[in-house]
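Chains as they are written, first to last, in UniProt numbering: chain A, 1 to 351; chain B, 1 to 351.
Number of protein chains: 2
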Amino acid sequence: MYLKNVKTFAIIIEKENWGMIMVTIKDIAKKLGISYTTVSRALNGKPGVSQETVEKVLKEARKMGYQPNAIARGLVKKYTNTIGLVIADITNPYYPSIARGVEDAARKIGYNVFLCNTNYNKENEQSYLKTLQEQRVDGIIINPAKDDSPNVYDLQTPMVLINSPSYGGNNSTIEVDNKRGGFLATEHLIKSGYKRIAFIGGDIASYSNGRRFEGYKEALKEYNYPVDESIIAYGSFKTKSGYAIIERLLKLENPPDAVFAGNDVIALGILHYAQDKGIKVPEDFGVVGFDNVGFSELPQIQLTTIDQPKYYIGKLAFEILMEEIRNKEERFVKKIVLEPELVIRKTTRGK
Amino acid sequence: MYLKNVKTFAIIIEKENWGMIMVTIKDIAKKLGISYTTVSRALNGKPGVSQETVEKVLKEARKMGYQPNAIARGLVKKYTNTIGLVIADITNPYYPSIARGVEDAARKIGYNVFLCNTNYNKENEQSYLKTLQEQRVDGIIINPAKDDSPNVYDLQTPMVLINSPSYGGNNSTIEVDNKRGGFLATEHLIKSGYKRIAFIGGDIASYSNGRRFEGYKEALKEYNYPVDESIIAYGSFKTKSGYAIIERLLKLENPPDAVFAGNDVIALGILHYAQDKGIKVPEDFGVVGFDNVGFSELPQIQLTTIDQPKYYIGKLAFEILMEEIRNKEERFVKKIVLEPELVIRKTTRGK
DNA sequence: ATGAAAGCGCTAACAT
DNA sequence: ATGTTAGCGCTTTCAT
Chain A
1 MYLKNVKTFA
11 IIIEKENWGM
21 IMVTIKDIAK
31 KLGISYTTVS
41 RALNGKPGVS
51 QETVEKVLKE
61 ARKMGYQPNA
71 IARGLVKKYT
81 NTIGLVIADI
91 TNPYYPSIAR
101 GVEDAARKIG
111 YNVFLCNTNY
121 NKENEQSYLK
131 TLQEQRVDGI
141 IINPAKDDSP
151 NVYDLQTPMV
161 LINSPSYGGN
171 NSTIEVDNKR
181 GGFLATEHLI
191 KSGYKRIAFI
201 GGDIASYSNG
211 RRFEGYKEAL
221 KEYNYPVDES
231 IIAYGSFKTK
241 SGYAIIERLL
251 KLENPPDAVF
261 AGNDVIALGI
271 LHYAQDKGIK
281 VPEDFGVVGF
291 DNVGFSELPQ
301 IQLTTIDQPK
311 YYIGKLAFEI
321 LMEEIRNKEE
331 RFVKKIVLEP
341 ELVIRKTTRG
351 K
Chain B
1 MYLKNVKTFA
11 IIIEKENWGM
21 IMVTIKDIAK
31 KLGISYTTVS
41 RALNGKPGVS
51 QETVEKVLKE
61 ARKMGYQPNA
71 IARGLVKKYT
81 NTIGLVIADI
91 TNPYYPSIAR
101 GVEDAARKIG
111 YNVFLCNTNY
121 NKENEQSYLK
131 TLQEQRVDGI
141 IINPAKDDSP
151 NVYDLQTPMV
161 LINSPSYGGN
171 NSTIEVDNKR
181 GGFLATEHLI
191 KSGYKRIAFI
201 GGDIASYSNG
211 RRFEGYKEAL
221 KEYNYPVDES
231 IIAYGSFKTK
241 SGYAIIERLL
251 KLENPPDAVF
261 AGNDVIALGI
271 LHYAQDKGIK
281 VPEDFGVVGF
291 DNVGFSELPQ
301 IQLTTIDQPK
311 YYIGKLAFEI
321 LMEEIRNKEE
331 RFVKKIVLEP
341 ELVIRKTTRG
351 K
């Protein structure tokens, strides 16, 4: 089963073993003829050990290749210096940026992060949450898979939610102002002279998508455009979905001449269809996405979109989480909303 | 400092606390008036407990909201059900695919994965390796940051290397046949009728890049093309680097009419430059990349490239790692080489 | 300045 | 079938 596509499966060396002879503080205490309490103190720079002893211990520790056991420490100290990051799919370019933000911030203070991909699946999410708690992570950052059933996250563990309202659990949240973003996107389309603007969303159960849709409707109203159900559609957050839906909408007797897509990935599918059919973008057809994901700025794509500070969101989420971890009793629940920004590129006429 | 771009920073609820009253097997034993060993046995489905007791325990555990403590278990059982995944940058689309492969495979057997981004930095890598060992991960999968100084990874921990030879440490490795890939790419360019084929690599210290270059040279020789140093260049694995280098090469008095790029990200920069300058691809200029990253197949890009089974590599790396973890004494070091595949798209004339 | 002892939550002998 | 004990590697009182 391995062997599919395997060219070489060779060079087998026998009996190479891993040496699992981990040295402990007891070992180095014995070697030095002192108590292991002293070793512990020396290793941790605690007061009450003579300079001389400290040096002896440090030297011996290095010599013996001592590696502190974070597991044992965690057992007594009640924290693990680890957090969990639960996202839908690291393969969607939106998430890696957030993940980097979280991880860079974490690393700076010696924290580790467990990466968990739910693959947009609620059961996977629950399962991961359970595991993370068993691993006694100090906190969790989560971008919920869906928001159809209320996300009641009242775990024993500090938690901050990204792009999701907090139901019941009183968790801190951080999100971009999705409604405002939706408004900006739609308004831009209107001001660019497009007349029939469709909305093509992803999962209808997505909170952020819903907010973007509200912004869309608000803009239409403000500019006296009708809200036409026939050119409003939901699918999934996939390129294929965008492609399939725009194909359908464009066959309507009264087709749209522009679309605000639920995110960049969907917008990409729309662009793909336009290209396949030789539809001129932005002259005859306008599209704006959401997220300002990496590929959106490619010269070949140049997608007009709504930017959100992804890396910063990850960083901020971690910082807030740390605050909550540090002040477990007497914490302050925060609801943070960041400003989105319209990025005009080549898939709309501009003004 | 938080406040940049922050719209709302509000809704503050005071004194919401995390209830850190974790229930242990002792608690449920006390409640039930039995020994905690019995509880442990019941919870783990071990023999020697009456059906009746098992049910009582399970019920009470659920009722009290018991969460097993994986830390404590790890301390006695000597394994943590956790591995580390060390890569350069999750933001480079090549890695998420691998990460998914690893994580999906891990999840299937209840393993967690620590994600570590070295950001192409050797010091970060060392630091992460240290931390991972302290956390007593059961194993490590690593795609080394660089290969200039030999990667001597003889840790106490089982380890498999991706895209890197193993120096000294006798670790199993898994890689695509980079040389063959380089050959295929270059040969394709030759057969497509391009006459002066440049090579634009990433980090000169990269092992995989070096192999690709060897394949490039081999193909040139086989078809009696000269190997011309003036159109061979290295930079970094970034789009910008590709852009800058091709700009320079194209100003040569004898410029190339095609290029084999060290990876797709670099190729993208080259394409970018061609577009900026109105150079016709593939008619007047051919480019092939390496990796077949997600964006390469976008209709707007359609990059000819060398595919490698990224997800599968991740999956395989995990499976091999698990084998090594399970057979620590008497392990078999494996060197696996996978077959790359030429994917012809629109940035070369084809045959 | 150093050591002895207890204990974190659990599993695994070793009884009974 | 159940309980007792020891111990994983460490930190933290409490002595000395």
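Beta carbons: idealized from backbone N, C-alpha and C, even for Gly.
Which chain B residues sit within Cβ distance under 8 Å of residue i?
i	result
residue 305 (chain A)	The contacting residues do not exist; residue 305 (chain A) stays about 15 Å from chain B at best.
residue 113 (chain A)	114 and 115
Could you pull the DSSP bridge partners for residue i from this structure?
i	result
residue 161 (chain A)	A:142 and A:173
residue 352 (chain B)	Past the boundaries of the shown model lies residue 352 (chain B); chain B is included only from 1 to 351, so the question cannot be answered.
residue 342 (chain A)	A:306
residue 291 (chain B)	B:307
residue 258 (chain B)	B:197 and B:286
residue 232 (chain A)	A:199
Kindly give me the distance between the Cβ atoms of residue i and residue j, rounded to whole angstroms, as I take these residues to be in contact under 8 Å.
i	j	result
residue 201 (chain B)	residue 262 (chain B)	4 Å
residue 340 (chain B)	residue 308 (chain B)	5 Å
residue 215 (chain A)	residue 178 (chain A)	7 Å
residue 256 (chain B)	residue 346 (chain B)	That pair is no contact at about 19 Å.
residue 89 (chain A)	residue 119 (chain A)	6 Å
residue 64 (chain A)	residue 23 (chain A)	5 Å
residue 138 (chain A)	residue 69 (chain A)	Their Cβ separation, rounded to whole angstroms, is 18 Å, which puts residue 138 (chain A) and residue 69 (chain A) out of contact at 8 Å.
residue 310 (chain A)	residue 79 (chain A)	About 28 Å separates the two Cβ atoms, so there is no contact after all.
residue 243 (chain B)	residue 270 (chain B)	7 Å
residue 230 (chain A)	residue 250 (chain A)	No, residue 230 (chain A) and residue 250 (chain A) are not in contact; Cβ-Cβ is about 12 Å, not under 8 Å.
Which chain A residues sit within Cβ distance under 8 Å of residue i?
i	result
residue 68 (chain B)	134
residue 211 (chain B)	Residues of chain A passing the Cβ test: none, with the nearest at roughly 13 Å.
Taking C-beta pairs closer than 7 Å, name the residues in chain B that residue i reaches, listed in chain order.
i	result
residue 184 (chain A)	Result: empty, since nearest Cβ-Cβ is about 13 Å, beyond 7 Å.
residue 75 (chain A)	71, 72 and 75
residue 301 (chain A)	300
residue 103 (chain A)	115 and 117
Taking Cβ-Cβ distances shorter than 7 Å, what residues in chain A pair up with residue i?
i	result
residue 97 (chain B)	91
residue 100 (chain B)	90, 91 and 117
Tell me whether the beta-carbon of residue i lies closer than 8 Å to the beta-carbon of residue j.
i	j	result
residue 60 (chain A)	residue 43 (chain A)	no
residue 98 (chain B)	residue 83 (chain B)	no
residue 203 (chain A)	residue 122 (chain A)	no
residue 264 (chain A)	residue 227 (chain A)	no
residue 184 (chain A)	residue 258 (chain A)	no
residue 382 (chain A)	residue 318 (chain A)	There is simply no residue 382 (chain A) to check, as chain A begins at 1 and stops at 351 in what is shown.
residue 313 (chain B)	residue 174 (chain B)	yes
residue 232 (chain A)	residue 285 (chain A)	no
residue 300 (chain A)	residue 133 (chain B)	no
residue 260 (chain B)	residue 197 (chain B)	yes
residue 114 (chain A)	residue 112 (chain B)	yes
residue 306 (chain B)	residue 101 (chain B)	no
residue 268 (chain B)	residue 239 (chain B)	yes
residue 320 (chain A)	residue 334 (chain A)	yes
residue 72 (chain B)	residue 75 (chain A)	yes
residue 155 (chain B)	residue 144 (chain B)	no
residue 207 (chain A)	residue 158 (chain A)	no
residue 187 (chain B)	residue 219 (chain B)	yes
residue 348 (chain B)	residue 192 (chain B)	yes
Can you name the residues of chain A whose CB is closer than 9 Å to the CB of residue i?
i	result
residue 53 (chain B)	Under the 9 Å cutoff, chain A gives no residues; its nearest Cβ is about 23 Å from residue 53 (chain B).
Flag residue i as yes when its Cβ comes closer than 7 Å to any non-hydrogen atom of the ligand FMN, and as no otherwise.
i	result
residue 322 (chain B)	Among the components of this structure there are no ligands whatsoever, and the ligand FMN is therefore not found.
What residues from the segment 268-296 of chain B come within 8 Å of chain A, judged by C-beta to C-beta, listed N to C? 268, 271, 272, 275, 276, 294 and 295
Of all the residues that make up the segment 320-348 of chain A, which are near chain B by a beta-carbon distance shorter than 8 Å? 324, 328, 329, 330, 331, 332, 333, 334, 335, 336, 337, 338 and 339
Mind listing which residues of the segment 26-39 of chain A have their C-beta closer than 8 Å to chain B's C-betas, in chain order? none
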